[in-house]
């Protein structure tokens, strides 16, 4: 399988549940690898005492 460009978007809030922030990035990977990367990034955000509210991965090209 060939790699493609996927966009990852993760939205999170602090424990006070205000001021949501979003991280967006493009990754060159197969879809399953892009999902794995998004999952690892979400786990890292959670360890920083943040609450992940949304994870999106979609094909850019």
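Numbering (the numbering used here), first residue to last: 17 to 77.
Idealized CB from N, CA, C, for every residue including glycine.
Shortest Cα-Cα distance from residue 54 to any of 21, 19, 36 and 25 involves 25. Apart from sequence neighbours up to five positions away, the residues of its chain that approach residue 75 with a beta-carbon distance below 7 angstroms are 20 and 22, ordered along the chain. Secondary structure at residue 31: coil, using DSSP grouped into helix, strand and coil. Sixteen is the threshold: when 16 or more other Cβ atoms of the shown chains lie within 10 Å of the Cβ of residue 50, as they do, the residue is buried. Annotation: the continuous beta strand (DSSP E) that includes residue 38 extends over 37-45.
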